[in-house]
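Protein chains in written order, with my numbering: chain A, 437 to 919; chain B, 66 to 550. Even glycine gets a Cβ: it sits at the ideal position worked out from N, Cα and C.
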Amino acid sequence: MEYEAVIGLEIHVELSTESKMFCGCSARTFGEEPNTFTCPVCLGLPGSLPVINKKAVEYTAKIGLALNCEIARSTLFHRKNYFYPDMPKDYQISQYDLPICIGGYVDVETKDLTRRVGITRVHLEEDTGKLTHISRTGRIGEADYSLVDFNRAGIPLVEIVTEPDIRSPEEAKAFTQKLKSILEHLEVSDCNMEEGSLRCDANVSLRPVGSEELGVKTEVKNMNSFRAIQGALAYEIERQKAILKRGEVVEQETRHWDDAGNVTVPLRTKEYAHDYRYFPEPDLVPMELSKDWIEEIRVTLPELPDVRRKRFEEVYGLPTHDAVLLISSKAMGDFFEECAETYPDAKRVSNWMMGELSMYLNAANLEIDECAVTPRHLVQLLKLIDDGTVSGKMAKSVFEEMFETGKLPKVIVEEKGLVQITDREEIARIVEMVVEENPSVVEDYRSGKERALGFLVGQVMRLTQGRANPQLVNVLLKEKLGG
Amino acid sequence: MDLHELTAHELNRMLKKGEISVTDPCKSVFERIKAVEDRIKAYVTLTEKVALSKAGEVDGNLKGGKAISPLAGIPVAVKDNMCTKGVLTTCASKILGNYVPVYTSTAVERLFAQDVVMVGKTNMDEFAMGSSTENSAFGITRNPWNPETVPGGSSGGSAAAVAADEAIVALGSDTGGSIRQPAALCGVVGMKPTYGLVSRYGLVAFASSLDQIGPITKDVTDCALVLNCICGHDRMDSTSLKVNIPDYTKALVGDIKGLKIGVVRELMGEGIEGGVRDSVDKAIALLESLGAVCEEVSLSHLDYSLSAYYLIAPAEASSNLARFDGVRYGYRTPGALGDMIEMYSKTRAEGFGNEVKRRIMLGTYALSAGYYEAYYGQAQKVRTLIVEDFNRAFEKFDVLVSPTSPSVAFKIGERYEDPLRMYMSDICTIPVNLAGIPGISVPCGLADGLPVGLQIMGKALDETTVLRVAYAFEQEFGFKQKPAL
Numbered sequence: 437m438e439y440e441a442v443i444g445l446e447i448h449v450e451l452s453t454e455s456k457m458f459c460g461c462s463a464r465t466f467g468e469e470p471n472t473f474t475c476p477v478c479l480g481l482p483g484s485l486p487v488i489n490k491k492a493v494e495y496t497a498k499i500g501l502a503l504n505c506e507i508a509r510s511t512l513f514h515r516k517n518y519f520y521p522d523m524p525k526d527y528q529i530s531q532y533d534l535p536i537c538i539g540g541y542v543d544v545e546t547k548d549l550t551r552r553v554g555i556t557r558v559h560l561e562e563d564t565g566k567l568t569h570i571s572r573t574g575r576i577g578e579a580d581y582s583l584v585d586f587n588r589a590g591i592p593l594v595e596i597v598t599e600p601d602i603r604s605p606e607e608a609k610a611f612t613q614k615l616k617s618i619l620e621h622l623e624v625s626d627c628n629m630e631e632g633s634l635r636c637d638a639n640v641s642l643r644p645v646g647s648e649e650l651g652v653k654t655e656v657k658n659m660n661s662f663r664a665i666q667g668a669l670a671y672e673i674e675r676q677k678a679i680l681k682r683g684e685v686v687e688q689e690t691r692h693w694d695d696a697g698n699v700t701v702p703l704r705t706k707e708y709a710h711d712y713r714y715f716p717e718p719d720l721v722p723m724e725l726s727k728d729w730i731e732e733i734r735v736t737l738p739e740l741p742d743v744r745r746k747r748f749e750e751v752y753g754l755p756t757h758d759a760v761l762l763i764s765s766k767a768m769g770d771f772f773e774e775c776a777e778t779y780p781d782a783k784r785v786s787n788w789m790m791g792e793l794s795m796y797l798n799a800a801n802l803e804i805d806e807c808a809v810t811p812r813h814l815v816q817l818l819k820l821i822d823d824g825t826v827s828g829k830m831a832k833s834v835f836e837e838m839f840e841t842g843k844l845p846k847v848i849v850e851e852k853g854l855v856q857i858t859d860r861e862e863i864a865r866i867v868e869m870v871v872e873e874n875p876s877v878v879e880d881y882r883s884g885k886e887r888a889l890g891f892l893v894g895q896v897m898r899l900t901q902g903r904a905n906p907q908l909v910n911v912l913l914k915e916k917l918g919g
Numbered sequence: 066m067d068l069h070e071l072t073a074h075e076l077n078r079m080l081k082k083g084e085i086s087v088t089d090p091c092k093s094v095f096e097r098i099k100a101v102e103d104r105i106k107a108y109v110t111l112t113e114k115v116a117l118s119k120a121g122e123v124d125g126n127l128k129g130g131k132a133i134s135p136l137a138g139i140p141v142a143v144k145d146n147m148c149t150k151g152v153l154t155t156c157a158s159k160i161l162g163n164y165v166p167v168y169t170s171t172a173v174e175r176l177f178a179q180d181v182v183m184v185g186k187t188n189m190d191e192f193a194m195g196s197s198t199e200n201s202a203f204g205i206t207r208n209p210w211n212p213e214t215v216p217g218g219s220s221g222g223s224a225a226a227v228a229a230d231e232a233i234v235a236l237g238s239d240t241g242g243s244i245r246q247p248a249a250l251c252g253v254v255g256m257k258p259t260y261g262l263v264s265r266y267g268l269v270a271f272a273s274s275l276d277q278i279g280p281i282t283k284d285v286t287d288c289a290l291v292l293n294c295i296c297g298h299d300r301m302d303s304t305s306l307k308v309n310i311p312d313y314t315k316a317l318v319g320d321i322k323g324l325k326i327g328v329v330r331e332l333m334g335e336g337i338e339g340g341v342r343d344s345v346d347k348a349i350a351l352l353e354s355l356g357a358v359c360e361e362v363s364l365s366h367l368d369y370s371l372s373a374y375y376l377i378a379p380a381e382a383s384s385n386l387a388r389f390d391g392v393r394y395g396y397r398t399p400g401a402l403g404d405m406i407e408m409y410s411k412t413r414a415e416g417f418g419n420e421v422k423r424r425i426m427l428g429t430y431a432l433s434a435g436y437y438e439a440y441y442g443q444a445q446k447v448r449t450l451i452v453e454d455f456n457r458a459f460e461k462f463d464v465l466v467s468p469t470s471p472s473v474a475f476k477i478g479e480r481y482e483d484p485l486r487m488y489m490s491d492i493c494t495i496p497v498n499l500a501g502i503p504g505i506s507v508p509c510g511l512a513d514g515l516p517v518g519l520q521i522m523g524k525a526l527d528e529t530t531v532l533r534v535a536y537a538f539e540q541e542f543g544f545k546q547k548p549a550l
């Protein structure tokens with residue numbers, strides 16, 4: 437039997453507001469000394485009370501509007517009750533049946549198709565503290581003791597829940613990337629998966645192709661990178677498939693993605709069997725969001741990735757494939773536009789960004805705005821190619837150098853004496869030398885082995901440290917050999 | 066007459082005339098405490114050193130030309146569920162037996178800003194759950210009128226302290242009657258303001274949608290003075306109201322001619338002791354003699370208020386008290402621990418008293434999946450009906466009256482083992498919390514030698530009329546008896 441995967445995602449995003457969700461503490465606490473950004477409210481000390489951060493509500497409404505949701509005119513917070521040491525109050529102020537945003541969608545482009553993924557809801561809550569379990573495994577069950585850092589407690593957290601519209605790990609990854617890009621364009625979150633400001637959980641089930649019924653699902657947690665999302669879901673789908681093919685049933689449970697082991701493992705269900713006993717938070721009053729306020733936010737929304745992509749296609753004449761990749765993060769799109777302002781051939785900018793730049797970024801595991809190469813670097817390099825100062829091949833080694841050192845291409849070219857040799861006589865002299873030194877290869881070429889030419893070109897380039905203009909080398913070699 | 070026997074406004078007059086210093090009443094109160102506290106046990110913590118040094122400081126400031134506020138130097142007793150920076154705040158619970166807050170609650174801070182001097186922290190039913198102050202981890206407080214009887218609760222320590230002259234004024238908190246009922250049983254004035262009038266910031270929560278801080282005083286004038294000081298919007302409490310606050314002492318005119326007063330039928334019948342009913346009937350006759358028009362009024366849903374209250378309050382409490390888990394502060398079980406869950410359950414089993422556990426279980430159940438609608442949801446609907454009942458009544462009446470407590474002070478131990486009977490102690494006061502309206506209890510006589518309280522209820526935010534009626538009654542009635550200690 438053929439199976440189809442049914443995937444729904446729950447994505448948690450820490451908002452980049454100045455202060456926390458319900459108190460005045462700074463929300464910029466990542467990497468700070470533990471428990472230094474706290475107060476009676478975010479520590480849940482007896483007698484303390486929450487006060488809603490209006491900016492966080494505004495950010496959430498922005499997200500909802502960007503995801504084509506309806507914004508609730510009347511909304512309120514609930515308490516989600518459960519005991520856990522990372523929760524100062526042993527309840528989390530969250531939202532339940534009246535979230536700020538409901539019913540939207542995101543169009544996700546993958547290689548094969550565009551999938552419309554429904555957004556069930558977007559709600560606002562407070563983040564918990566962070567536990568560090570002191571044990572060999574880092575798991576709470578085996579810990580000798582645990583340390584709690586409440587710096588993160590109370591940071592505004594938005595939960596985005598999708599419909600089970602996603603059908604493959606690739607789509608899940610593409611959705612998350614698209615969502616991240618939207619959030620970046622809205623400037624409401626750092627979206628840093630490694631630092632945990634964007635976290636993704638998935639509900640996964642399988643069903644026979646053509647069936648409308650949903651199978652038993654598992655919840656997969658701890659996917660902290662796009663690679664992890666794809667890997668974890670691929671693993672989980674295969675795992676469930678194997679179970680179903682054996683004629684067994686999938687157990688409904690929560691599973692943890694083990695990034696190092698490349699497997700999902702079950703979490704002990706005992707720790708997670710909860711009746712959250714939601715009820716309206718009596719320390720807060722219901723929020724009325726006026727139509728005018730919502731409209732005000734709607735008109736101030738920035739250009740979003742879908743519109744930007746179309747503009748890239750129309751204004752810069754880029755193919756859809758390029759435009760999709762360039763808007764995959766806000767920084768990428770911004771980089772491209774800054775280049776395109778001062779360099780006329782947008783497609784070439786795009787090629788270099790998707791080629792060399794992306795390659796080095798991936799290898800160094802950096803984001804585009806974290807690396808030393810700026811639009812000024814790239815544009816200067818492209819201009820050096822255009823005016824013949826360097827060849828395309830030399831440009832690649834210049835690129836490597838500037839990626840590592842941050843030096844401008846002109847500086848690198850000068851320092852290394854990398855100026856391209858375009859002098860016809862100089863190249864001709866070297867060509868003559870190479871032909872004389874390699875009689876057998878020359879013989880091969882003359883007897884019809886075209887590939888031998890490549891070797892000879894390579895020799896010329898080697899002797900000029902790659903500085904010879906490659907076209908000229910070709911022309912002169914052919915002239916020499918043909919003559 | 067000793068200074069501790071006086072009211073705040075009397076002491077203020079003397080202070081302004083230069084007849085006394087701020088330190089004088091403070092010393093007098095501590096002398097009184099030394100004389101009677103052994104028999105009353107109103108306090109969990111006394112802060113004599115801090116109080117006297119604060120009094121000295123205020124004296125210095127006043128000599129330096131600082132204006133004398135109406136409550137300058139007045140010794141206040143604070144219920145032990147209001148956070149006080151650097152001073153033990155136990156909620157009369159073992160689980161907070163060692164808890165010292167890092168900040169001061171707004172209401173107390175506002176008193177401090179007016180140069181009020183704190184005497185100490187008063188005993189109470191654990192986490193304000195109870196009507197007798199018997200549910201305290203630190204001993205039972207006794208009623209100054211008869212040490213064999215309870216002072217009421219949960220603010221029993223505050224009421225007893227004021228009644229026994231161990232403080233001039235006190236703060237209590239009132240979730241279902243916890244200010245008014247002990248005030249009635251101890252023969253003093255106690256007021257629960259409109260929900261949201263006084264900030265709850267720093268009040269250790271019992272039931273967030275019902276809790277309200279208010280004054281317990283020797284007379285209505287002091288009540289207005291303390292209310293003036295503690296009320297008003299606080300940005301730290303989202304449920305605190307942004308409204309213009311009148312000067313409540315302006316309500317103390319003594320004239321209630323033509324005011325319409327509704328006598329709540331449901332709170333005058335079954336379950337009200339004969340002696341209490343007689344006193345209240347006489348009080349109503351007195352109000353009529355002052356020119357008020359008194360008529361019976363029925364609030365048909367009041368019969369359900371106790372049931373609704375005992376779902377809503379425990380539900381909120383079950384969540385509010387979750388944080389006392391031994392992880393960050395307060396008591397933690399010393400026992401050997403297998404795992405985290407065991408640490409939680411042992412800590413809470415050992416740290417909480419029986420009544421608190423009973424309500425946590427009740428509330429947890431009421432919020433559980435599958436029961437929420439039938440219990441918590443239904444109780445909220447009843448609450449709405451009660452609010453509507455009051456709204457209708459206030460279309461016709463300026464204030465409503467009833468007994469504050471169905472009985473006078475009862476014997477220690479009499480209701481302790483019978484929770485349902487204990488819960489009935491708040492039958493007259495609970496509807497006021499459910500409706501969020503203001504209510505005051507003023508002494509209206511003695512029955513069997515024990516004080517009876519008259520409850521006066523007003524429209525939301527109409528403390529002025531409530532105080533006006535209370536003051537007029539007090540002036541005419543002239544309750545001058547004092548407990549013999």
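Residue i: first and last residue of the uninterrupted alpha helix (DSSP H) it sits in
i: SER582(A); result: SER582(A) -> not in any alpha helix (DSSP H); beta strand (DSSP E) instead, spanning 581-585.
i: MET659(A); result: Element bounds for MET659(A): not the alpha helix (DSSP H) but the beta strand (DSSP E), 654-659.
i: MET600(B); result: As displayed, chain B neither begins before 66 nor continues past 550, which places residue 600(B) out of reach and without an answer.
i: THR598(A); result: Run containing THR598(A): none in the alpha helix (DSSP H); it sits in the beta strand (DSSP E), 592-598.
i: LYS566(A); result: Element bounds for LYS566(A): not the alpha helix (DSSP H) but the beta strand (DSSP E), 566-570.
i: ALA225(B); result: 221-228
Span separating the alpha-carbon of residue i from that of residue j
i: SER274(B); j: PRO718(A); result: 5 angstroms
i: GLY769(A); j: ALA441(A); result: 32 angstroms
i: ARG397(B); j: GLY391(B); result: 4 angstroms
i: ILE730(A); j: GLU446(A); result: 25 angstroms
i: GLU231(B); j: LEU479(A); result: 35 angstroms
i: GLY242(B); j: GLY217(B); result: 10 angstroms
Whole-number beta carbon distance between residue j and residue i, since they are thought to touch under 8 angstroms
i: TYR168(B); j: GLY319(B); result: The Cβ separation is near 41 angstroms, so there is no contact.
i: PHE611(A); j: VAL686(A); result: Rounded, the Cβ-Cβ distance is 23 angstroms, inconsistent with contact.
i: SER201(B); j: ALA157(B); result: 4 angstroms
i: LEU515(B); j: THR240(B); result: So it is not a contact: roughly 24 angstroms between Cβ atoms.
Minimum Cβ-Cβ distance from residue i to chain B less than 8 angstroms
i: TYR495(A); result: no
i: GLY480(A); result: yes
i: LEU501(A); result: no
i: ASN628(A); result: no
i: ARG713(A); result: yes
Element boundaries [beta strand (DSSP E), containing residue i]
i: GLN528(A); result: 527-530
i: ASN419(B); result: Note, ASN419(B): premise wrong, no beta strand (DSSP E); alpha helix (DSSP H) at 419-432.
i: SER134(B); result: Note, SER134(B): premise wrong, no beta strand (DSSP E); not H, not E.
Minimum Cβ-Cβ distance from residue i to chain A less than 8 angstroms
i: LEU526(B); result: no
i: SER170(B); result: yes
i: LEU432(B); result: yes
i: THR304(B); result: yes
**Asked** If you measure beta-carbon to beta-carbon, which residues of the stretch 519-532 of chain A are closer than 9 angstroms to chain B?
**Response** PHE519, TYR520, PRO521, MET523, PRO524, LYS525, ASP526, TYR527
**Prompt:** Can you list, in chain order, the residues of the stretch 268-290 of chain B whose Cβ is nearer than 9 angstroms to any Cβ on chain A?
**Reply:** LEU268, VAL269, ALA270, ALA272, SER273, SER274, LEU275
**Prompt:** Quick one, which residues of the stretch 535-552 of chain A are near chain B if we go by CB-CB under 8 angstroms, in chain order?
**Reply:** none
**the stretch 464-488 of chain A: positions lying closer than 9 angstroms to chain B by Cβ** = CYS475, PRO476, VAL477, LEU479, GLY480, LEU481, PRO482, GLY483, SER484, LEU485, PRO486, VAL487, ILE488
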